[in-house]
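Student: Heads up: the sequence shown is residues 1 to 353, going by UniProt numbering.
Built from N, CA and C at the ideal position, the CB exists for glycine as well.
Keep in mind it's a predicted model, so treat the numbers as computed, not measured.
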Amino acid sequence: MTHPNTIIGAGLVGQLMAINLAQHGAKPLLIGPPPKFLKSMVLAIHPSHMHFFQQLGLDIPSKAIKKMVLQTHHNLQIDQKYSKHAHLCHIVHYGTLVHHIENKRRLHQIAWLKEQPKALNQGRIKIGDAWIEPENIIACDGSHSWTRSHTPILVQREQYDQYAHIAMISHTAAHEIAYQAFLPQGTLALLPTNNPYLTAVIWSCDTQQHVKIKTDSFKNQLSAYTHKLGKIIKIEHHHNMPIVASLAETYAHQNIFLLGNALHTIHPLAGIGFNLAISDCQTLTDTILNRLPPETYTKKRKAQHLKAHYLTRCIAKTRGLHQDKGLNKILKGLLPLQTCQQIILEQIDAICL
Ligand SMILES: Cc1cc2nc3c(=O)[nH]c(=O)nc-3n(C[C@H](O)[C@H](O)[C@H](O)COP(=O)(O)OP(=O)(O)OC[C@H]3O[C@@H](n4cnc5c(N)ncnc54)[C@H](O)[C@@H]3O)c2cc1C
1 MTHPNTIIGA
11 GLVGQLMAIN
21 LAQHGAKPLL
31 IGPPPKFLKS
41 MVLAIHPSHM
51 HFFQQLGLDI
61 PSKAIKKMVL
71 QTHHNLQIDQ
81 KYSKHAHLCH
91 IVHYGTLVHH
101 IENKRRLHQI
111 AWLKEQPKAL
121 NQGRIKIGDA
131 WIEPENIIAC
141 DGSHSWTRSH
151 TPILVQREQY
161 DQYAHIAMIS
171 HTAAHEIAYQ
181 AFLPQGTLAL
191 LPTNNPYLTA
201 VIWSCDTQQH
211 VKIKTDSFKN
221 QLSAYTHKLG
231 KIIKIEHHHN
241 MPIVASLAET
251 YAHQNIFLLG
261 NALHTIHPLA
271 GIGFNLAISD
281 CQTLTDTILN
291 RLPPETYTKK
301 RKAQHLKAHY
311 LTRCIAKTRG
321 LHQDKGLNKI
331 LKGLLPLQTC
341 QQIILEQIDA
351 ICL
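1. Is residue 64 close to ligand 1? I mean its beta-carbon at under 7 Å from any heavy atom of the ligand.
2. Taking a contact to mean a Cβ-Cβ separation below 8 Å, would you say residue 143 touches residue 40 in this structure?
3. When the distance is taken between beta carbons, is residue 297 closer than 8 Å to residue 283?
4. Closer than 7 Å: is that where the CB of residue 44 sits relative to any heavy atom of ligand 1?
5. Output needed for residue 166: all residues of its chain with C-beta closer than 7 Å, excluding positions within five of it in sequence on either side, in chain order.
6. Suppose you measure from the CA of residue 241 to the CA of residue 163; what does that come to, to the nearest Å?
7. Between the segment 43-61 and the segment 267-281, are three or more C-beta pairs nearer than 8 Å?
8. Could you have a look at residue 195 and say whether DSSP puts it in helix, strand or coil?
9. Flag this pair as yes or no: are the beta carbons of residue 153 and residue 248 separated by less than 8 Å?
10. Do you know how far the Cα of residue 72 is from the Cα of residue 208?
11. So, at 6 Å on beta carbons, what are the nonlocal neighbours of residue 332 in its own chain, with the 5 sequence-adjacent residues on each side left out?
12. Is residue 196 near residue 181, with beta carbons less than 8 Å apart?
13. So, residue 136 versus residue 272, is the Cβ gap smaller than 8 Å?
14. If you draw a straight line from the C-alpha of residue 141 to the C-alpha of residue 305, how long is it?
15. Quick check on the DSSP output: the beta strand (DSSP E) that includes residue 170 runs from which residue to which?
16. Is residue 241 a contact residue of ligand 1, with contact defined as CB to any heavy atom under 7 Å?
17. So does residue 261 have its beta carbon nearer than 7 Å to some heavy atom of ligand 1?
18. Please indicate yes or no: does the CB of residue 164 lie closer than 7 Å to some heavy atom of ligand 1?
19. Taking the alpha-carbon of residue 43 as reference, which of 292, 65, 9 has the nearest alpha-carbon?
20. Once DSSP output is grouped into helix, strand and coil, what is the label at residue 124?
21. Checking the sheet assignment: what are the DSSP bridge partners for residue 242?
22. Return the chain-ordered list of same chain residues with a C-beta closer than 6 Å to the C-beta of residue 210, the five sequence neighbours on each side being excluded.
23. Taking C-beta to C-beta, are residue 8 and residue 147 nearer than 8 Å?
24. Can you name, in chain order, every residue of its own chain whose Cβ lies under 7 Å from the Cβ of residue 159, other than the five neighbours on each side?
25. Helix, strand or coil for residue 95, going by three-state DSSP, please let me know.
26. With distances taken from CA atoms, which of 293, 55, 11, 187 is nearest residue 115?
27. Write down every uninterrupted run of the beta strand (DSSP E) in the segment 222-270 whose length is 3 residues or greater and which is fully enclosed by it, in chain order.
28. By the DSSP assignment, the alpha helix (DSSP H) with residue 341 in it spans what residues?
29. Check whether the Cβ of residue 12 lies closer than 7 Å to any heavy atom of ligand 1, and answer yes or no.
30. List the DSSP bridge partners of residue 69.
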C-alpha cells in the first residue's frame, strides 16, 4: 500500500491536519483509535483561527468574548475595542469541535484505520499484517508519542508541580466575561459558554491547593473565588491532570514530522496549545505540499514556540501577582491605557499564532 501522507493519531490535531491536507487536494491516511475527550473541556480559540476553520468549511458554534478581566489585586479589564479583531477570542466546547471536525473528515472521505500501528521501521509503518510506505509520516499521537519514540528527537520537559482542575459549573448569576484570577496558589480561569449560567473552570493550582481540593471538596475550595457567579448549583465532569510543558528539540526526522501534543505541550493558563498547533498545521501543510526541506518546519515555528513557552513559564512561576501591591498599583495605572491594551493584545496575537 502507498499513502503519500500518513497521519498517526486521530485526535483533534490529527484530524484537523487530515482535513487541511484534503482541502489542498492531498488526501491523507489516518491511523489510530477514535479520540476520547473530557466533557468539561473548552478551548479558547484565537479569532484568526476561527477564520481558518471557516476556510475549511467548519462553522463551529462558539461564545465570542468581548471583555476579559484579569484579577490581580484589582480587576483589570482588557477590552475588545482596542483589538484589531471583532472579538478577543472564542470559547469552543472540545466535544463540539471534535464532532464538527469528524463530520468534515467524513465528507472528505479520508481513509481511517482505527487501530494502533505495530511497528515503524526505516520510514515504513506496519499496520495489521501490511506495511505502508508513506512519503511523509505526521506524528499526532499525543505527548507520549509512540511515533516520536522511533526517532532520535529529544524532548525538553518542565514539570510544574501544578495540577489543572477542569469542570463545568452551573450557577445562579449570569456570567458573560472571560475572567482570569492570578491567585497565590495558581491561576483560575472562568470561561463563559453560550449558556450564561454554565461556566467552564480551568484552575491551574499548586500541589497544596490540589491536596485541599482532594481532601475538602472542589465546590468548597472554588466557592471562595466565584462570588461573581452567584451560588454554585452543580459541578459536573470534574477532572484533574498534572501540568507538564514539553517541546521537541527538532520538529522533523527523515520523513517523520511532529505535530500537536507530540511536538509540544504548554501550561494551560494562556489557552494557546491548540492555537499554536493550528498554526503549526498550516506551516507543515505548506512544507509538505511544496516539498520544502523538512527543517523549514522547525525554522519557521520554533521561535514562536520558545516565545510562548517563555511567557507562560514566567506567568506560571510568578507567585503572588495578586498580592504585590506595588506592581498592582503600576498595573492599575497602566492597563486601562489604550496603548497598553493594544500592546497586550498584539502580544496575545504574537504568542497564539
Ligand atoms: C487543561 C487544559 C486546557 C487547555 N486549554 C486550551 C485552550 O484554551 N486553547 C488552546 O489552544 N489549547 C488549550 N489546551 C491545549 C489543547 O488541549 C491541546 O493542544 C490539544 O488537545 C492537543 O491535541 P492532540 O490531538 O495533539 O493530542 P491528543 O488529544 O493527546 O491526541 C492524541 C491522539 O493520538 C492517539 N494515539 C496515542 N498513541 C497512539 C498510537 N500509538 N497510535 C495511534 N494513535 C495514538 C490518541 O488515541 C489520541 O487520539 C489545553 C490543554 C489542557 C490540558
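Tutor: Taking the geometry as given:
1. No, ligand 1 has no heavy atom inside 7 Å of this Cβ.
2. Contact: no.
3. Cβ distance < 8 Å, so residue 283 and residue 297 count as in contact.
4. Flag set: Cβ of residue 44 near ligand 1.
5. If we look at residue 166 and ignore the five residues flanking it on each side, its Cβ neighbours are 38, 40, 41, 201, 202, 239.
6. One C-alpha to the other measures close to 5 Å.
7. Segment contact: the segment 43-61 against the segment 267-281, three or more CB-CB distances shorter than 8 Å; contact assigned.
8. It is coil, neither helix nor strand.
9. Yes; because the gap between Cβ atoms is below 8 Å, this pair is in contact.
10. Going from the Cα of residue 208 to the Cα of residue 72 covers about 20 Å.
11. Listed in chain order, the non-local C-beta contacts of residue 332 below 6 Å within the same chain comprise 74, local neighbours out to five positions each way being set aside.
12. No, Cβ-Cβ distance for residue 196 and residue 181 is not below 8 Å.
13. No; because the gap between Cβ atoms is not below 8 Å, this pair is not in contact.
14. Straight-line spacing of the CA atoms in residue 141 and residue 305 works out to 19 Å.
15. Counting along the chain, the beta strand (DSSP E) containing residue 170 begins and ends at 155-171.
16. Residue 241: yes, Cβ under 7 Å from ligand 1.
17. A distance criterion of 7 Å places the beta-carbon of residue 261 in contact range of ligand 1, judged by its closest non-hydrogen atom.
18. Under cutoff, so the answer is yes.
19. The shortest C-alpha separation from residue 43 is found at 65.
20. Secondary structure at residue 124: strand, using DSSP grouped into helix, strand and coil.
21. Per DSSP, the beta bridge partners of residue 242 are 163.
22. Excluding its 5 nearest sequence neighbours in each direction, residue 210 has C-beta neighbours in its own chain below 6 Å: 163, listed in chain order.
23. Yes, the pair counts as a contact, with Cβ atoms nearer than the cut-off.
24. Same-chain partners within the cutoff: 244.
25. If DSSP states are grouped into helix, strand and coil, residue 95 belongs with the helices.
26. The residue with the shortest Cα to Cα distance from residue 115 is 11.
27. 232-248, 256-258, all fully within the segment 222-270.
28. From DSSP, the alpha helix (DSSP H) with residue 341 extends over 338-352.
29. At least one heavy atom of ligand 1 falls within 7 Å of the beta-carbon of residue 12.
30. Note: residue 69 sits in a beta bridge opposite 77, 179.
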